[in-house]
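Chemist: Chains as they are written, first to last, in our numbering: chain A, 16 to 144; chain B, 407 to 1027.
Backbone N, C-alpha and C fix where the C-beta goes; we use that ideal spot for every residue, glycine too.
On a predicted model such as this, the values are computed, not experimentally measured, just so you know.
1) Residues of the stretch 17-37 of chain A in Cβ contact with chain B at a cutoff of 9 Å, in chain order, please.
2) Which residue wins for smallest C-alpha separation from residue 904/B, given the options 662/B, 556/B, 859/B, 781/B?
3) Below 8 Å CB to CB, which residues in the same chain sit around residue 58/A once its five sequence neighbours on both sides are set aside?
4) In the structure shown, what three-state DSSP assignment does residue 14/A receive?
5) Can you list, in chain order, the residues of the stretch 868-899 of chain B whose Cβ is nearer than 7 Å to any Cβ on chain A?
6) Just checking: is the beta-carbon of residue 43/A within a distance shorter than 8 Å of some beta-carbon in chain B?
7) Using beta carbons (cut-off 8 Å, strictly below), is residue 68/A in contact with chain B?
8) Which partner residues does residue 541/B have in the DSSP bridge list?
9) For the alpha helix (DSSP H) that residue 875/B lies in, which residues bound it at each end?
10) Under three-state DSSP, which class holds residue 997/B?
11) With distances taken Cα to Cα, identify the nearest neighbour of residue 865/B among 977/B, 928/B, 838/B.
12) Give the DSSP-derived three-state secondary structure of residue 470/B in the structure shown.
13) Looking at the strands, I want to know which residues DSSP matches up with residue 731/B.
14) On the DSSP bridge assignment, give the partners of residue 66/A in chain order.
15) Using a C-beta cutoff of 8 Å, does residue 136/A count as contacting chain B?
16) Given a cut-off of 8 Å on the beta-carbon distance, is the pair residue 945/B and residue 914/B in contact?
17) Hey, could you find the ends of the beta strand (DSSP E) residue 1009/B is sitting in?
18) Can you give the Cα-Cα distance for residue 46/A and residue 924/B, rounded to whole angstroms?
19) Strictly by DSSP, which residues pair up with residue 445/B?
20) Is the separation between the beta-carbon of residue 540/B and that of residue 574/B shorter than 8 Å?
21) Please classify residue 551/B as buried or exposed, where buried requires at least 16 other C-beta atoms within 10 Å of its C-beta.
22) When you compare only the Cα positions, how much space is there between residue 520/B and residue 605/B?
23) Cβ closer than 8 Å: which chain B residues qualify as neighbours of residue 12/A?
24) Once the 5 residues before and after residue 713/B are set aside, which same chain residues still bring their CB inside 8 Å of it?
25) So which of 979/B, 879/B, 603/B, 444/B has the shortest CA-CA distance to residue 909/B?
26) Note the first and the last residue of the continuous alpha helix (DSSP H) segment covering residue 762/B.
27) Which ranges does the beta strand (DSSP E) cover as unbroken runs of at least 3 residues, wholly within the stretch 683-752 of chain B, from first to last along the chain?
28) Out of 467/B, 683/B, 693/B, 871/B, state which residue places its alpha-carbon closest to the alpha-carbon of residue 546/B.
29) Kindly indicate if chain C contains any beta-carbon less than 8 Å away from that of residue 825/B.
30) Does residue 1000/B pass the burial test, meaning 16 or more other C-beta atoms within 10 Å, or should it be called exposed?
31) Under 8 Å between C-beta atoms, does residue 140/A make it to chain B?
32) Just checking my contact of residue 62/A with residue 91/A at CB under 8 Å: how many whole Å lie between their CB atoms?
33) Using a Cβ cut-off of 9 Å, pull out every chain A residue sitting near residue 832/B, in sequence order please.
34) Per DSSP, what are the beta-bridge partners of residue 499/B in this structure?
35) Give the residues of chain A in contact with residue 817/B, contact being defined as C-beta atoms less than 7 Å apart.
36) Are the CB atoms of residue 81/A and residue 106/A nearer to each other than 8 Å?
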């Protein structure tokens, strides 16, 4: 599976990529939302695993932009703080239904999520635009 | 006197004639006023003596005393009454007994009078022969008058006058002057005089020898009458003034009672004391609040309810009161009779006498124990709210390293055979755990409840706080600029100061949602007023600034512009912490389009003053 991992903390992004690649996925790490969108345009990933609260564009904005480009792309959000609830609620009001996994995530849970295609992580409402 | 013409014997010609009882006439009804019985008896004996000696007849209706005196006097004049009595020409009747014979229900009955008195006169007249004259004396009217039956007396005078239509007699009545000593008796005398053909004034006048004496006496009497009238007028005025005064006094008394009732029923304790601090009054609420009854404490020093360590307060209060100054809402502690301490808010006003001299103080004490409890609860609420905010921040700061460590452990397990690789993972994990430990330390420092001042380094404290919020600065795009002009150590309540600084830093972060600069300045200063050495910490942001209309409420509890996240207690707590530690807080803000932002500046003394001095100084100003 082609995966883009987005986190402003390089150590998190790097270790996750290491883990995913070790399990046979094809993952790359980026550290902000803008980079995530640029790489998504080039790679057309199957999934994006992204932090929510980041400097500059946040994970949810990035996820929305990526879904507009690649509607079938799976989005997995993860966050270390409560404040992300507000961002999520705003996204829900716009018609997006994202699930957020709390940090720290057990890597095996993440791997399972990635392998269970079509379950959580994909947008439940249409975002074809 | 002799150089003037001899007093004329003619009665009609004299303005001040001698007044002697007339015996020449057959008919007449005179009245004699008298002061002394001796004068009356003298006149009466002359009148009767002349009648008896002249072969006429006499009827005397008098009191037993007067009858006896008359007989004695006539005997002394050498008159033997026994002959006249025997012949029936001299008749003595007891006034009271005679009166009783014709009085019916307190009123003289006309026909009974005719029977009783008329028949007596007829009897003596018959005894004396048709040619003789009748000399009569009566004082039944005086008895009625003395008895308060004045209308009956006048009626009796009228009956005598009617009797004169059928009988001929020369009648003398007599009234003692003392019966007419009231102002209202003027009318009585006039009524009596109206019933008589001749009026004889009392002895002081009648005894005067010459006409000149009598005229002088009249002039003096007129002067006395005028004097009396004047005195009566004065007295009436004085009485009116007295009545007015009495009304005013009663009104003042009513007002006093009214005020006393208000004071007594007030929920606030109200007491007064003199300038020596001795209690002079004590209302019911004061009894309730402090436990002393008014009887127990009035007359004793107010120091009884002041805790020993605050006794110097009383001197400060009394000094202010002596200067005529008022003390408003001075929050302090007082002692109850059973030794409990109550938080009170005192308002003390000087009490002045009518000349404006301060003679004591009135004090109103409000029990603010409950308010203080609520304030403490609010402080706790804010602490908890701050803790909540902190927890959210800390969660983020801790969860990220934990995520990294989780991943690193997963990798270490996966690559277990590659020792170098595993060591690298573990070293990275170690570094991440150090981050967690650092954050935990910072957070704990926050909530360590310090109750006694400690020496700490302000710069280190500020640095610790900044590192705690580092991630937040990064995610918001806030640049932190440190301007530390000195490295300062102070002695203060470290936990509280940290909370105050943290409040200001988080406020600044909230003011810059879209990034900006946070300038933190630390400098050594001397406080302008007191000159005390201290530290000034300035937290300046380039946020939106505080609108002018919000500035005055900024330090009030529950004032917030951040409805979602704020409790409205942060700045209120911050100021109370700063002031409690002997410091000052100031705020400057600009909301211009190009220049905007807010600066909070805290001054703290190098050495925190003792708790009580700090609070007393602040609130007694």
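Modeler: With the structure as the only source:
1) 22, 23, 24, 26, 27, 29, 30, 31, 33, 34, 37
2) As a working note, residue 904/B is residue 498 in the second chain. Comparing Cα-Cα distances from residue 904/B to each of 662/B, 556/B, 859/B, 781/B, the minimum goes to 859/B.
3) Taking the first chain and counting its residues from 1, one reaches residue 58/A at position 43. Taken in chain order, the residues that qualify are 17, 19, 43.
4) The requested residue 14/A does not occur in the structure, where chain A is confined to residues 16 to 144.
5) 880, 881, 883
6) As a position in the first chain, residue 43/A is number 28, starting the count at 1. Not one chain B Cβ lies under 8 Å of residue 43/A.
7) As a working note, residue 68/A is residue 53 in the first chain. Yes, contact with chain B.
8) For the purposes of this step, residue 541/B is taken as residue 135 along the second chain, with counting starting at 1. BP columns for residue 541/B point to 464/B, 576/B.
9) Residue numbering aside, residue 875/B sits at position 469 when the second chain is read from its first letter. No alpha helix (DSSP H) contains residue 875/B, which DSSP labels as neither H nor E.
10) Position 591 of the second chain, counting from 1, holds the residue named residue 997/B. Three-state result, residue 997/B: strand.
11) Within the second chain, the letter at position 459 stands for residue 865/B. It is 928/B whose Cα lies nearest to the Cα of residue 865/B.
12) As a position in the second chain, residue 470/B is number 64, starting the count at 1. In this structure, residue 470/B counts as helix in the three-state DSSP scheme.
13) Against the second chain, residue 731/B aligns to sequence position 325. DSSP output for residue 731/B lists no bridge partner at all.
14) Working through the first chain from its first residue, we reach residue 66/A at position 51. Paired residues: 93/A.
15) Mapped onto the first chain, residue 136/A falls at position 121. Since pLDDT at residue 136/A reaches only 41, below the 50 mark, its modelled position is unreliable, and the value read off the structure follows with that caveat. Not an interface residue.
16) Within the second chain, numbered from 1, the residue matching residue 945/B stands at position 539. Within the second chain, numbered from 1, the residue matching residue 914/B stands at position 508. Taking 8 Å as the Cβ cut-off, residue 945/B and residue 914/B qualify as a contacting pair.
17) Stepping through the second chain from its first residue, residue 1009/B is reached at position 603. Start and end: 1002-1011.
18) Here the question's residue 46/A lines up with position 31 in the first chain. Here the question's residue 924/B lines up with position 518 in the second chain. Residue 46/A and residue 924/B: Cα-Cα distance of roughly 25 Å.
19) Looking up residue 445/B in the second chain gives position 39. Residue 445/B pairs with nothing; no bridge assigned.
20) Looking up residue 540/B in the second chain gives position 134. Looking up residue 574/B in the second chain gives position 168. Yes, Cβ-Cβ distance for residue 540/B and residue 574/B is below 8 Å.
21) For the purposes of this step, residue 551/B is taken as residue 145 along the second chain, with counting starting at 1. Burial call: buried.
22) By 1-based counting over the second chain, the position of residue 520/B is 114. By 1-based counting over the second chain, the position of residue 605/B is 199. Near 25 Å, if we compare the C-alpha coordinates of residue 605/B and residue 520/B.
23) Any question about residue 12/A goes unanswered here, given that chain A covers just 16 to 144.
24) Position 307 of the second chain, counted from the start, is the residue given in the question as residue 713/B. 739, 740, 741, 747, listed in sequence order.
25) Looking up residue 909/B in the second chain gives position 503. Of the candidates 979/B, 879/B, 603/B, 444/B, the one whose C-alpha sits nearest the C-alpha of residue 909/B is 979/B.
26) By one-based count along the second chain, residue 762/B stands at place 356. No alpha helix (DSSP H) contains residue 762/B, which DSSP labels as neither H nor E.
27) 685-688, 733-741
28) Here residue 546/B refers to the residue found at position 140 when the second chain is read from its first residue. Closest by alpha carbon: 467/B.
29) Here the protein chains are A and B, and chain C is not one of them.
30) Here the question's residue 1000/B lines up with position 594 in the second chain. Under this definition residue 1000/B is an exposed residue.
31) Mapped onto the first chain, residue 140/A falls at position 125. With a pLDDT of only 43 at residue 140/A, under 50, the local geometry of the prediction cannot be trusted, and the value read off the model is given with reservation. Chain B contact via Cβ: absent.
32) On the first chain, residue 62/A is found 47 positions in, with the first residue counted as 1. On the first chain, residue 91/A is found 76 positions in, with the first residue counted as 1. The pair is a contact, with the Cβ atoms about 6 Å apart (cut-off 8 Å).
33) The residue labelled residue 832/B in the question sits at position 426 within the second chain. Within chain A, no residue comes near residue 832/B; the closest Cβ sits about 13 Å away, beyond 9 Å.
34) The sequence position of residue 499/B within the second chain is 93, counting from 1. Paired residue(s): 467/B.
35) The count along the second chain starts at 1 and reaches residue 817/B at position 411. Per Cβ cutoff of 7 Å: 30, 33, 34.
36) Translated into the one-based positions of the first chain, residue 81/A becomes position 66. Translated into the one-based positions of the first chain, residue 106/A becomes position 91. No; because the gap between Cβ atoms is not below 8 Å, this pair is not in contact.
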